[in-house]
Amino acid sequence: MKNQVIVIGLGRFGSSVARSLYNLGHDVLAIDIDEERVHNMMGQVTHPVTGNATNEEMLKELGISEYDAAVVSIGNDLVASVMTCVLLKTMNIKYIVARAHDELHLNTLERLGVDKVIQAESEMGTRVAHNLFNPNLQEYLELVPNYGFSKIKTPEKWGNKTLKELGFSGPRDKYGLAILAIQHGSNITLNPDTNERLNTGDVLIIAGKDQLIENLTS
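Just so we're aligned, residue 6 is where the sequence shown starts under the working numbering, counting upward by one.
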């Protein structure tokens with residue numbers, strides 16, 4: 006499902022999140038005060054915008070309140086980061102992720118009610134992008150651009166069904182994904198048989214194209 010996401014701050018982490026979300030098919034509004042950073046994102050996001058995210062009028066003009074989620078990646082400027090998150094909260098953004106520079110920054114953002122606070126750099130950007138709209142997706146590891154491994158928690162509706170019943174009929178199933186293993190608690194079944202039955206809470210380890218993983222977990 007296509008979602009609308011704002012990414013504020015286009016350093017290593019923010020640009021990585023923005024590109025990954027765009028490649029997954031989401032509508033991405035990317036904002037940074039640095040014109041060169043914004044220029045570098047042209048063609049890699051839906052709407053690259055140069056501007057100051059602490060400017061409430063600018064955010065209103067961009068229609069921010071209509072967006073589903075926001076990622077705030079103003080890592081080193083605590084004041085700008087906090088002000089931006091406060092504005093996003095007042096504009097009723099449903100879900101806010103923010104990157105913290107240190108423990109003080111992290112604690113401040115958490116007290117503001119930011120939904121998820123992380124301390125990460127560019128290598129974590131793709132993981133944040135994949136997890137943003139997929140609560141069942143626990144981890145993501147990029148192998149090459151647009152292809153990687155994922156750990157997915159079994160949705161409740163898959164409980165007590167076999168892989169075959171769910172349409173995972175072989176090494177390459179109808180979903181275009183490869184099931185590498187199933188984790189049942191502390192036990193792991195490698196290269197599982199299609200008659201393997203899933204329980205709620207099991208974790209699937211799969212490999213495939215990012216968009217196919219996104220389709221499976223949406």
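Note that beta-carbon positions come from the ideal geometry of N, C-alpha and C, so glycine has one too. No experiment lies behind these values; they were computed from the predicted model shown.
query: Can you give the Cα-Cα distance for P150 and V133, rounded to whole angstroms?
result: For the purposes of this step, residue 150 is taken as residue 145 along the sequence shown, with counting starting at 1. For the purposes of this step, residue 133 is taken as residue 128 along the sequence shown, with counting starting at 1. V133 has its alpha-carbon roughly 15 Å from the corresponding atom of P150.
query: Would you call the CB atoms of F138 and N8 closer than 7 Å?
result: Counted from its first residue, the sequence shown places residue 138 at position 133. Counted from its first residue, the sequence shown places residue 8 at position 3. In this structure, N8 lies closer than 7 Å to F138 by Cβ.
query: Is T51 closer than 7 Å to D37 when the C-beta atoms are compared?
result: By one-based count along the sequence shown, residue 37 stands at place 32. By one-based count along the sequence shown, residue 51 stands at place 46. Result no, Cβ atoms of D37 and T51 do not sit closer than 7 Å.
- prompt: Looking at the unbroken alpha helix (DSSP H) that takes in A85, where does it start and where does it end?
  reply: The residue labelled residue 85 in the question sits at position 80 within the sequence shown. Element bounds for A85: L83 to T95.
field: Coil, strand or helix - D106 by DSSP
entry: Start at 1 with the first residue of the sequence shown, and residue 106 comes out as number 101. This sequence places His at residue 106; Asp is not what is there. Reduced to three states, the DSSP call for H106 is coil.
query: What is the residue span of the alpha helix (DSSP H) that G19 lies within?
result: As a working note, residue 19 is residue 14 in the sequence shown. It spans R17 to N28 - the alpha helix (DSSP H) in which G19 sits, taken as one unbroken run.
message: Just to check my reading of the structure: A212 and F173 have Cβ atoms closer than 8 Å, yes? What is that Cβ distance to the nearest angstrom?
response: Walking along the sequence shown from the start, residue 212 turns up at place 207. Walking along the sequence shown from the start, residue 173 turns up at place 168. Between F173 and A212 the Cβ distance is about 13 Å, and since that is not below 8 Å, they are no contact.
query: Which whole-angstrom value is the C-beta distance of V119 and I98, which I expect to be below 8 Å?
result: The sequence position of residue 119 within the sequence shown is 114, counting from 1. The sequence position of residue 98 within the sequence shown is 93, counting from 1. At roughly 10 Å, the Cβ-Cβ gap does not stay under 8 Å, so V119 and I98 are not in contact.
task: Kindly indicate which three-state DSSP category G130 falls into: helix, strand or coil?
output: Looking up residue 130 in the sequence shown gives position 125. G130: helix per DSSP, three-state reduction.
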